[in-house]
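Student: UniProt numbering numbers the first residue of the sequence shown as 1 and each following residue consecutively. Where is the CB? At the ideal position from N, CA and C, for every residue including glycine. Please read these numbers as outputs of a predicted model, since none were measured by experiment.
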Amino acid sequence: MSWFKRNKAGISTATENKKEAPDGMWNKCPNCKKPLLNSEQIENKYVCQYCDYHIRIGSAAYFSILFDDNRFTELFENLSSGDPLTFADTKPYPVRLADSQAKTGLKDAIRCGHGKMEGKDVVIACMDFNFIGGSMGSVVGEKIARSIDYCLEHKIPFMLISKSGGARMMEAAFSLMQMAKTSAKLALLAKAKIPYVCLLTDPTTGGVTASYAMLGDINIAEPGALIGFAGPRVIKETIKKDLPKGFQTSEFVLEHGFLDFIVDRRNLKAKVAAYLRLVYA
Numbered sequence: 001m002s003w004f005k006r007n008k009a010g011i012s013t014a015t016e017n018k019k020e021a022p023d024g025m026w027n028k029c030p031n032c033k034k035p036l037l038n039s040e041q042i043e044n045k046y047v048c049q050y051c052d053y054h055i056r057i058g059s060a061a062y063f064s065i066l067f068d069d070n071r072f073t074e075l076f077e078n079l080s081s082g083d084p085l086t087f088a089d090t091k092p093y094p095v096r097l098a099d100s101q102a103k104t105g106l107k108d109a110i111r112c113g114h115g116k117m118e119g120k121d122v123v124i125a126c127m128d129f130n131f132i133g134g135s136m137g138s139v140v141g142e143k144i145a146r147s148i149d150y151c152l153e154h155k156i157p158f159m160l161i162s163k164s165g166g167a168r169m170m171e172a173a174f175s176l177m178q179m180a181k182t183s184a185k186l187a188l189l190a191k192a193k194i195p196y197v198c199l200l201t202d203p204t205t206g207g208v209t210a211s212y213a214m215l216g217d218i219n220i221a222e223p224g225a226l227i228g229f230a231g232p233r234v235i236k237e238t239i240k241k242d243l244p245k246g247f248q249t250s251e252f253v254l255e256h257g258f259l260d261f262i263v264d265r266r267n268l269k270a271k272v273a274a275y276l277r278l279v280y281a
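1) Determine the closest residue to Asn219 out of Ile132, Leu199, Pro232, Phe229, with distance taken between C-alpha atoms.
2) How is the alpha helix (DSSP H) around Thr104 delimited, first residue to last?
3) Could you compute how far the alpha carbon of Ile227 sits from the alpha carbon of Arg71?
4) Out of Leu188, Ile194, Ser147, which has the shortest C-alpha to C-alpha gap to His114?
5) According to the neighbour-count rule (16 or more other Cβ atoms, all chains shown, within 10 Å of its Cβ), is Asp149 buried or exposed?
6) How about the stretch 156 to 170 and the stretch 187 to 207: do they share at least three Cβ pairs that are nearer than 8 Å?
7) Measuring straight from C-alpha to C-alpha, what distance separates Gln178 and His154?
8) Is Tyr275 helix, strand or coil when you go by DSSP?
9) Would you grab the beta carbon distance between Lys163 and Thr201 for me? Rounded to a whole angstrom, and I think it's under 8 Å.
10) Does the stretch 168 to 184 come into contact with the stretch 132 to 145, if we say contact requires no fewer than three beta-carbon pairs (one atom in each stretch) closer than 8 Å?
11) Just reading off the beta strand (DSSP E) that residue 287 is part of, what are its end residues?
12) According to DSSP, simplified to helix, strand and coil, what is Lys163?
13) Spatial neighbours of Tyr280 within its chain, please: CB distance less than 6 Å, with the 5 preceding and 5 following residues excluded, ordered by chain position.
14) Compute the distance between the beta-carbons of residue 287 and Val263, then report whether it is under 8 Å.
15) Roughly how many angstroms separate the alpha carbons of Ala184 and Lys34, rounded to a whole number?
16) Restricting to Cα atoms, I'd like to know which of Ile55, Asn38, Phe229 is closest to Pro30.
17) Whole angstroms are fine: how far does the CA of Arg266 sit from the CA of Glu43?
18) For Val123, report the span of its alpha helix (DSSP H) as first-last.
19) Looking at the strands, I want to know which residues DSSP matches up with Glu74.
20) Check the DSSP bridge columns for His54 and list the partner residues they point to.
21) Consult DSSP for Ala210 and reduce its assignment to one of helix, strand or coil.
22) Just the Cα atoms here: how many angstroms apart are Pro232 and Pro203?
23) Do Ala109 and Phe131 have their C-beta atoms closer together than 8 Å?
24) Whole angstroms are fine: how far does the CA of Val272 sit from the CA of Leu152?
Right, here's the structure in full:
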């Protein structure tokens, strides 16, 4: 019965003959820790099929989900931040920008595109957390402002997907000025009666939450997203009280009236398209 039993203990395959799974084929769900096949993740819109956890994704994935056949024209793609303050922390700001650009393949923390969603024109601006924590700098504010001008010129609805740690400290007041700048531009969009849809994803915090992320004609969020201004530790130390369970999750924010509804990413395109058909035929 030697064919049925192993004659030698252990595995004797030489190291050079061992087969490894290709990089990027498998990932692990951050919530339930179960292995996820990359092709299945794409098919399931990057939502875990076991626990429905919404995995963090960037602008490329959101554009593929929302734009018809993933066809769109990128807007203002060559804008890049300057260094008005000659800022340096552990490294000079221009070096940090260059490192992030090389690592992510992005120019800055937001991309804007014009395409069709279920046959209707729409401009989508999507933030990328992988680029310096999705921080809001002068380029982020400028791209949003120019996208709004583009929507005003062409009478197209505007959708913004927020995913950010807040204002970019390396640009100091220049970053904070983007809050007022984008809010003023959004007021023009509202005056023209052109819809603005804001999707809040994990995480949306700081000055982004305090400005354009909460100014949508309709504010929606993904399940379980972290949404807030200051961090829980700072708030707890300030008010000297324990925070309620689930504090700063999208479900908590919805319960307290700051969101219109929470949408599963697999239904996102259909929901947004239906809303735009209702309010902007």
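Tutor: A quick look at the data gives this:
1) Checked all of Ile132, Leu199, Pro232, Phe229; the closest Cα to Asn219 is Leu199.
2) Unbroken alpha helix (DSSP H) run through Thr104: 93 to 104.
3) Distance between the alpha carbons of Ile227 and Arg71: 30 Å.
4) Ranking Leu188, Ile194, Ser147 by Cα distance to His114 puts Ser147 first.
5) Per the 10 Å Cβ criterion, exposed.
6) yes
7) 23 Å
8) helix
9) 5 Å
10) yes
11) The displayed coordinates of the chain run from 1 to 281. Any statement about residue 287 would go beyond what the structure contains.
12) Residue state, collapsed to three classes: strand.
13) Pro157, Pro195
14) Outside the shown range of the chain, which is 1 to 281, sits residue 287, and nothing can be said about it.
15) Cα to Cα, the separation comes out at about 45 Å.
16) Ile55
17) 9 Å
18) Looking at the DSSP string, Val123 is not in any alpha helix (DSSP H); the run it does join, the beta strand (DSSP E), is 120 to 127.
19) Gly113
20) Val47
21) coil
22) 13 Å
23) Remark: C-beta atoms of Ala109 and Phe131 approach each other more closely than 8 Å.
24) 19 Å
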